[in-house]
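The C-terminal residue of the sequence shown carries number 250 in UniProt numbering, and the numbering is unbroken. C-beta: ideal position from N, C-alpha, C; glycine also. Since we're looking at a predicted model, the values are computed, not measured.
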Amino acid sequence: MQREEVGMQVKILIVEDDPDMAEMLFDLVEAEGWTPFVARSAEEATAFLARDIVHLILLDHNLPGASGRTFAQRVRSSMDVGIIMVTAAGSSAERVLGLETAADDYIVKPFEPIELAARMKAVLRRSIQVPKPDRLPDLAPATSSLQLGAWTIDLKRRLAVCEGHPGKTLTGAEFTLLELLAETPNLPVARAQILERLGSGTERYVDRNVDVLVLRLRRKIEENPELPRYIKTRRGRGYVLEAPRHETER
């Protein structure tokens, strides 16, 4: 996805204290036609985000001062921006924890530049509103809004408002998941369909990544995530949205 495809300058913030890695990531971002910026610490990144808007953050896990995970959680609580953790921490537990806390995706050093580029494009597709391909009529949402407990979801405008919590929001990936489930309410959606919509290039741990994303969404929307009312599991078939739908402006 080149910047002309979204009709805007795509800004990528690289938060990396290793100069060689930062330079490699800078060159990779620039080669894709995006505009890179580099911060050497969470403090520098925080100062940058206070004065400029970015569309994606490439975030090292092991930063001086605040850890990458702590910084990601802080960013996620105040803004909706794509986050990819880029780290040498390669255990499954670390990957899952990074995804559960705040990151949209996770890649382990050393990595192939082409793989990171693919993951960046996938996250950008979710975080930047890009025209979607035409869908079959029978898959289109029957209505354009959802009321899920305290949440009012405007599918047409891609807005999510939580009553009583004005700062609480959904990430791009969480909204895309909810949008997909809402297209066929009361019918299960397979993990493969979810991954296809998300644009994931991940070939390992993909099922677990979907499960983690569903868990994150449940924790925000469900009153009791352990006994979900809206987003339910259909064993062997995927996930289903069981919710009343309310029609708004088409």
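For M21, the enclosing alpha helix (DSSP H) has its first and last residue at P19 to A31.
In this structure, L187 lies near V240, with their beta-carbon atoms less than 8 Å apart.
Between I14 and F48, the C-beta spacing is not below 8 Å.
Nearest to L56 by alpha-carbon distance, out of A117, G65, Q193 and M21, is A117. In this structure, V86 keeps its C-beta atom at 8 Å or more from the C-beta atom of L124. Annotation: the continuous beta strand (DSSP E) that includes Q147 extends over S145 to L148. From the listed residues D52, D20 and E242, the smallest Cα separation to L148 is found for E242. Between L178 and L213, the C-beta gap is not smaller than 8 Å, which leaves the two residues out of contact.
Take the alpha-carbon of T152 and the one of C162: they are about 6 Å apart. Counting only runs of 4+ residues, the alpha helix (DSSP H) found wholly inside the segment 169-227 occupies 172-183, 191-198 and 206-221, in chain order. The three-state reading of DSSP puts M120 in helix, counting H, G and I together. In the structure shown, the three-state DSSP call for A39 is strand. Counting the other CB atoms within 10 Å of its CB gives M120 a total of 16 or more, which places it among the buried residues. Closest by C-alpha distance to G172, out of G33, S41 and A103, is A103. L170 sits close to K220, with the two beta carbons spaced by under 8 Å.
Straight-line measurement puts the Cα of V75 at about 23 Å from the Cα of E23.
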